[in-house]
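Asker:
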Amino acid sequence: MLTRAVVRNQAVRNSGASVEGYVKQTPSEKLNTQARADYARANSRLRVLTLYKAFYRAAPEILVLNKSSIPSNVYRQVIKNEFAKNSNISDTRAIELLLGKGQMDFQELVVGFSQESQMHRPFDEILQNDPKATDFVSKFLTSKF
């Protein structure tokens, strides 16, 4: 009478499959599927759009709360540019990290915990592009000694 192990070995030999070709997957490898990656990417995209809409809608309130004289349409354009800077990122983990930072910034701006300088930081680049004054005093003050 044949034992079960012998019967199994004969079945493997007869089927043409080899035991060496079998690779055991770890639980994390089983979870890393294309469908799961697509779902994470779609979920991240939805969360980014939700955060963008929240910033866009709250722009007037943020400006009033921080006593800013910047028009809301200019602030909305800056928000759009900040989101466009990171539009080429495709790594889901990096997107999640930036989403967390963005949500914290949004909460700080809406609740009023942020300083005025934090809100005006994105405008620094815009304001630095002003034409330089050509009068004597401005040239003297900007000269390096």
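Heads up: take any position in the sequence shown, counting from 1, add 1, and you land on the working numbering. Cβ atoms here follow ideal geometry from the backbone N, Cα and C, with glycine treated the same way. A quick note: this is a predicted structure, and the numbers were derived from the prediction, not measured.
(1) Taking the straight line between their C-alpha atoms, what separation do you get for residue 97 and residue 59?
(2) Thinking just about the alpha-carbon of each residue, which of 27, 105, 100 and 67 is nearest to the one in residue 48?
(3) Report the rounded CA-to-CA distance for residue 32 versus residue 89, giving the unit in angstroms.
(4) Whole angstroms are fine: how far does the CA of residue 79 sit from the CA of residue 124?
(5) Quick one: residues in its chain with C-beta nearer than 7 Å to the C-beta of residue 87, no 5 flanking neighbours on either side, listed in chain order?
(6) When the Cα atoms are used, what is the spatial distance from residue 116 to residue 136?
(7) In terms of residue numbering, what span does the alpha helix (DSSP H) encompassing residue 61 cover?
(8) Put residue 115 into one of helix, strand or coil per three-state DSSP.
(9) Alpha carbon to alpha carbon, how far is residue 52 from residue 45? Give it in angstroms, no decimals.
(10) Which residues in the same chain as residue 120 place their Cβ atom closer than 8 Å to its Cβ, once the five residues preceding and following it in sequence are excluded?
(11) Do you know offhand how far residue 50's Cα is from residue 28's?
Answerer: Let me spell this out:
(1) 22 Å
(2) 100
(3) Residue 89 has its alpha-carbon roughly 25 Å from the corresponding atom of residue 32.
(4) 8 Å
(5) 99
(6) 34 Å
(7) Counting along the chain, the alpha helix (DSSP H) containing residue 61 begins and ends at 35–66.
(8) Here residue 115 sits in coil by DSSP.
(9) 11 Å
(10) 63, 67, 69 and 110
(11) 32 Å
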